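The listed protein sequences derive, respectively, from chains A and B.
For the first sequence, this note's numbering begins at 1 and goes up steadily by one.
For the second sequence, this note's numbering begins at 1001 and goes up steadily by one.
For every residue, glycine included, the Cβ atom is placed at its ideal position computed from N, Cα and C.
Predicted, not measured: the structure shown is a model, and the values here were computed from it.
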Amino acid sequence: MDANVIISLNNVNFYYGQNRALTDITMNFRKNKVTALIGPSGCGKSTLLRLLNRMNELIDDTRVEGDIIYEGKNIYSPDIDPVEIRKKIGMVFQKPNPFPKTIYNNIAYGPKLTASNTGDINMLVEQTLKQAVLWDEVKDILNQSAMKLSGGQQQRLCIARALAMKPDILLMDEPTSALDPISTAKIEELIEELKKDYTIIIVTHNMQQAARISDETAFFYLGNLIEYNKTEKIFTKPDVKQTEDYITGRFG
Amino acid sequence: MEERRHTSSHYEKELQEIKNDLIYMGTLTEKSIKMAMESLTERDSALAQKVISADDEIDRCDAQLEEKCIRILALRQPTAIDLRFITTAIKITGHLERIGDMAVNIAEKAIQLNEEPKLKPYIDLPRMSGMVIEMIRNSLDSFINENLELAEKVRQQEQIVDDLNEQIFRELLTFMLNDSKTIQRAIYIMQVSKNLERIADHSKGIADMVTYMVTGESVRHQEQSAD
């Protein structure tokens, strides 16, 4: 595998019961890049995102075909522990979902539980909150409930929480759709910073957001990968007419 | 290819309006060139004055079109074909505005020439102006219909106009060498010819932008070394 590729899909099909939600998807995600997955509702982009850390397994009557290769192995092989996968491939959701615990414990909980970081937890908390550009705002209130934070702060806390597990890849499912423009700008700024150390794959309905923050963009429609290209190319001269129709608002 | 419309009918209307405005501006410039040439060939200085005052309307169109395009860029954040369309429209309006100025230049030269005896019958100049008017029309048609062949035709026509300009220049040179009293008038006629040649350049500029709009590839400076 190309050294710049961190995770790759080969002929992946995915079914909810009898319904095929993804058809024959083959694509490589590149290391330390931000890749945006775009497409209309029901196109399969969120399904694909959840496939990448085996979150879809939590839904009954689903089935995966094909290979998703990460670190040289198919993440769906029987000998792979999904919990280990989810540590390396973290996820941030649409609505901020902090634990109903203190800010400190939101970060410390995972590392303590999995004992993956036996080092100094205090240092880890500070370090990840700094990475998520939240430290200055919360350093004096670490023992306050995370639920008291604003939506934008909660979302950055969730990103910090994911970072505390020392992942390689961060999956983000519409991470700013519940946030105001300033909080959105902060998260977008953060994403640009984080890509130095992490690979980020983001699902977004906000086309301008995809254009602003991603290096590569994949357009999905009805479970098919229609076009996967550099973001600049997609937004100036896409190769496929369907992509052009979608991003220029000629769809539906 | 099937042309899909935007989900937002307002946006669709705004883009259509840009097209209509450019066509309108194109017809104004055509009219100005025709009038300027007629004021020269018919020795009608009053008509030349009309060309000069009509330029205000072309300038107004230019300013208004640019404002509309900037508004769309800011409010609609166009992408892909829409983005290339808007950037092309901004460039085209600039070219048309300059074409309007060239028509004014021709009208001003006509006024000066009309005050003196006619140096020679005008044969090549009307041919040239006929061709540049066709070029403007072709370049705008190629824009509206995204027609690459027509854009290519404009590029070829530009070469013909260049050659005509050269020919007129050489002919006038012989007049000037034979009789120094013709120098002033010959220079004015040369300037008319040069202005027509510049109009052809601007039409080619429009055609080049159309090629960019349709293909995403810039062809603007490809022949620069040959110039």
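Let me confirm a value: residue i is counted as buried when at least 16 other C-beta atoms fall within 10 Å, else exposed. Which label applies?
i: K1181(B); result: exposed
i: I7(A); result: buried
i: D1208(B); result: buried
i: T1211(B); result: buried
i: H996(B); result: Residue 996(B) is absent from the model: chain B starts at 1001 and stops at 1227.
i: K260(A); result: Past the edges of chain A, shown from 1 to 252, lies residue 260(A), and the structure says nothing about it.
i: M172(A); result: buried
i: D1082(B); result: buried
i: E192(A); result: exposed
i: M1135(B); result: buried
i: Q249(A); result: Contrary to the premise, residue 249(A) reads as Gly rather than Gln in this sequence. When all chains shown are included, G249(A) counts as buried.
i: S1129(B); result: buried
i: D1221(B); result: As written in the sequence, residue 1221(B) is His, which differs from the Asp given in the question. Exposed.
i: S1008(B); result: exposed
i: T114(A); result: exposed
Report the CB separation of residue i from residue j in whole angstroms; it is logged as a contact under 8 Å.
i: Q155(A); j: P96(A); result: 4 Å
i: I226(A); j: F235(A); result: Not confirmed; about 15 Å, so no contact.
i: K33(A); j: D197(A); result: About 12 Å separates the two Cβ atoms, so there is no contact after all.
i: L958(B); j: E1038(B); result: No answer is possible for residue 958(B): the residues shown for chain B start at 1001 and end at 1227.
i: M27(A); j: M55(A); result: The pair is not a contact, with the Cβ atoms about 18 Å apart (cut-off 8 Å).
i: P238(A); j: N224(A); result: Rounded, the Cβ-Cβ distance is 15 Å, inconsistent with contact.
i: K87(A); j: P167(A); result: 7 Å
i: C1061(B); j: M1025(B); result: 4 Å
i: I263(A); j: V125(A); result: Outside the displayed span of chain A (1 to 252) sits residue 263(A), for which this structure offers no information.
i: L9(A); j: I68(A); result: 5 Å
Excluding the 5 residues flanking residue i on each side, which residues of the same chain have their C-beta closer than 6 Å to its C-beta?
i: D245(A); result: F251
i: I1206(B); result: I1092, H1095 and S1139
i: Y76(A); result: V64
i: L1015(B); result: none
i: L1065(B); result: D1021 and T1093
i: I1183(B); result: M1176
i: Q1112(B); result: Y1188
i: N1195(B); result: M1102, N1105 and I1106
i: S1193(B); result: N1165 and I1168
i: I169(A); result: I89 and T199
i: S1225(B); result: At S1225(B), the pLDDT of 47 sits below 50, so the modelled position is not reliable; the number obtained from the coordinates is stated separately. Hits under 6 Å: none found.
i: Y1122(B); result: T1041
i: E232(A); result: none
Can you list, in chain order, the residues of its chain with a C-beta nearer than 8 Å to that of residue i? Leave out the 5 residues immediately preceding and following it.
i: D61(A); result: Y16 and G17
i: R30(A); result: N4, V5, I6, T199, D215 and E216
i: T1215(B); result: L1148
i: E1217(B); result: T1211
i: M1190(B); result: I1168, F1169 and L1172
i: I80(A); result: K73 and N74
i: V1051(B); result: S1032, M1035, A1036, S1039, A1103, V1104, I1106 and A1107
i: I335(A); result: Summary: the structure shown does not reach residue 335(A), with chain A confined to residues 1 through 252, and so no result is reported for it.
i: I247(A); result: I38, M207, F219, I234, F235 and P238
i: R1004(B); result: none
Which residues in the same chain as residue i place their Cβ atom closer than 7 Å to its Cβ, once the five residues preceding and following it in sequence are excluded?
i: K1257(B); result: For residue 1257(B) there is no data in the structure shown, the boundaries of chain B being 1001 and 1227.
i: N13(A); result: R20, L22, T23, D24, E65 and G66
i: Q144(A); result: T102 and I103
i: L1150(B); result: N1138, D1141 and S1142
i: T47(A); result: F14, A21, L22 and N56
i: M1001(B); result: Confidence in M1001(B) is poor, its pLDDT being 43 and thus under 50, which makes the residue's placement unreliable; the coordinate value appears in the next sentence. Result list for M1001(B): empty, nothing under 7 Å.
i: K1153(B); result: N1138
i: R1185(B); result: L1113, E1116 and L1119
> Should the region 1156 to 1173 of chain B be regarded as contacting the region 1087 to 1100 of chain B, the criterion being three or more beta carbon pairs within less than 8 Å?
Replying inline: Two segments are said to touch when three or more pairs of C-beta atoms, one from each, lie closer than 8 Å; by this definition the region 1156 to 1173 of chain B does not touch the region 1087 to 1100 of chain B.
> Taking one C-beta from the region 1081 to 1099 of chain B and one from the region 1172 to 1179 of chain B each time, how about it: are there three or more such pairs within less than 8 Å?
Replying inline: Taking 8 Å as the limit for Cβ pairs, the verdict is that the region 1172 to 1179 of chain B does not touch the region 1081 to 1099 of chain B.
> Counting pairs of beta carbons, one from the region 199 to 215 of chain A and one from the region 33 to 53 of chain A, are three or more of them closer than 8 Å?
Replying inline: yes
> Is the region 97 to 111 of chain A in contact with the region 144 to 164 of chain A, if contact means three or more CB pairs nearer than 8 Å?
Replying inline: yes
> Given a limit of 9 Å on CB to CB distance, which residues of the region 1050 to 1084 of chain B reach chain A?
Replying inline: Under the 9 Å Cβ criterion, the region 1050 to 1084 of chain B contributes R1076, Q1077, P1078, T1079, A1080, I1081, D1082, L1083 and R1084.
>> So, does the region 173 to 183 of chain A touch the region 117 to 137 of chain A, judging by three or more C-beta pairs under 8 Å?
In response: no
>> Short of 8 Å Cβ to Cβ, which residues in the region 1004 to 1032 of chain B face chain A?
In response: R1004, R1005, H1006, T1007, S1008 and Y1011
> Counting pairs of beta carbons, one from the region 39 to 52 of chain A and one from the region 153 to 167 of chain A, are three or more of them closer than 8 Å?
Replying inline: no
> Closer than 9 Å, Cβ to any Cβ of chain B: which residues of the region 210 to 226 of chain A, in chain order?
Replying inline: Among the residues of the region 210 to 226 of chain A, those with a Cβ less than 9 Å away from any Cβ of chain B are A211, in the order of the chain.
> Taking any Cβ of chain B, which residues in the region 182 to 214 of chain A have a Cβ under 9 Å from it, in chain order?
Replying inline: M207, Q208 and A211
>> Beta carbons nearer than 8 Å to chain B: which residues of the region 40 to 53 of chain A have them?
In response: none
>> At a CB distance below 9 Å, what residues from the region 1200 to 1216 of chain B approach chain A? Give them in sequence order.
In response: T1215 and G1216
>> Using a Cβ distance threshold of 8 Å, determine whether the region 1150 to 1160 of chain B contacts the region 1059 to 1075 of chain B, with at least three qualifying pairs required.
In response: Too few Cβ pairs lie closer than 8 Å, so no.
>> Taking beta-carbon pairs under 9 Å, can you tell me which members of the region 145 to 174 of chain A lie near chain B?
In response: none
>> What are the residues in the region 22 to 40 of chain A lying within 7 Å of chain B by C-beta distance?
In response: none
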